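Quick note, the working numbering runs 5 ahead of the 1-based positions in the sequence shown. Everything below concerns the one structure shown next.
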Amino acid sequence: MSRGNLIFMREYIVFVEKVIDFFLPSQCFLCHNKAFGNNVCAECENLVRFVKPPYTEENENSLILKHRSLALYEGEWKKLILAYKFSKNLYLSKDFLRFIHEKFTDVNFQEYDFIIGVPISSNRLIERGFDQVDFIAQKISHKYKVKYVRNALLKIRETLSQNELNQQQRLSNLKNAFILHEKHKNVFYNKKILLIDDVKTTGATLQECAKQIQLAKPLSIHSFTLAYTPLS
Ligand SMILES: [Zn+2]
């Protein structure tokens with residue numbers, strides 16, 4: 006097929022999708038009203054507290070230079086993340102990607118050399134049937150053409166849920182839980198790394214992963230999470 010025909014086909018498919026959407030608008034996952042091709046309607050989107058710039062700068066002891074979260078981990082946003090993570094509603098990733106694109110207008114993803122995901126343990130993977138961070142990291146990598154290194158970090162032992170622990174317990178819970186895969190140490194040297202996770206609470210998990218990435222002496226480590234729990 007010629008290039009001209011390919012372009013025509015692509016435009017035709019987009020047109021057909023729009024026509025279908027006009028007659029059969031998709032339903033909002035949260036309130037079941039019309040969502041016009043999305044899974045989250047405009048009204049529900051308005052209930053989400055997206056994090057606006059300036060984003061939190063990490064403190065000077067942090068190995069992470071800059072962190073960004075998309076929205077506060079509460080209400081409708083929390084419902085979406087839980088439904089994605091625990092009930093395997095993978096199609097919601099489309100809306101996460103849409104919001105990343107719309108809200109992070111100042112972020113140039115292409116400045117990163119590599120994307121790395123915070124790993125889950127093999128037991129969690131079996132239990133959940135998929136790795137929620139791996140899935141979204143792949144989507145971001147594909148959309149912004151940034152290389153994603155799957156399994157760059159490995160979770161080598163089970164940890165307790167961070168939510169049930171105090172600050173001190175959280176740190177010891179995560180100690181030596183992650184390792185950087187030996188074969189990537191040279192690859193990340195002097196490179197800009199974007200570390201991705203689903204939810205940031207104290208940031209202890211991101212720090213523990215950054216400690217391992219730091220062994221490869223990267224140029225910088227930034228991090229991104231879909232949500233952020235304000236510390237009480
Ligand atoms: Zn809605």
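Ideal Cβ positions, reconstructed from N, Cα and C, are used throughout, including at glycine. Owing to the predicted nature of the structure, the values given are computational and were not obtained by experimental measurement.
- A contact between stretches requires three or more CB pairs, one per stretch, nearer than 8 Å, and the region 161-171 fails this requirement with the region 85-100.
- Cβ contact annotation for arginine 103 (same chain, cutoff 7 Å, sequence separation greater than five): Asn43, in chain order.
- Annotation for valine 45 indicates a beta carbon within 7 Å of some heavy atom of ligand 1.
- According to the DSSP assignment, histidine 72 belongs to the beta strand (DSSP E) that extends over 71-77.
- With a threshold of 7 Å, the Cβ atom of leucine 85 does not count as near ligand 1, since no heavy atom of the ligand is closer than that.
- Positions of the beta strand (DSSP E) runs, each at least 3 residues long and wholly inside the region 77-101, cannot be given because no such run exists.
- For leucine 220, the CB contacts under 6 Å within the same chain, skipping 5 residues up- and downstream, are Leu185 in chain order.
- For leucine 236, the shortest separation between its Cβ and any heavy atom of ligand 1 does not lie below 7 Å.
- The region 119-130 makes contact with the region 191-202: 3 or more CB pairs, one atom from each, lie closer than 8 Å.
- Measuring C-alpha to C-alpha distances from alanine 47 to each of Arg54, Val56, Phe55 and Cys33 identifies Cys33 as the nearest.
- The C-beta distance from serine 228 to isoleucine 69 rounds to 5 Å, short enough to fall under 8 Å.
- According to the DSSP assignment, alanine 232 belongs to no alpha helix (DSSP H) but to the beta strand (DSSP E) extending over 225-233.
- Secondary structure of phenylalanine 13 (DSSP, three-state): helix.
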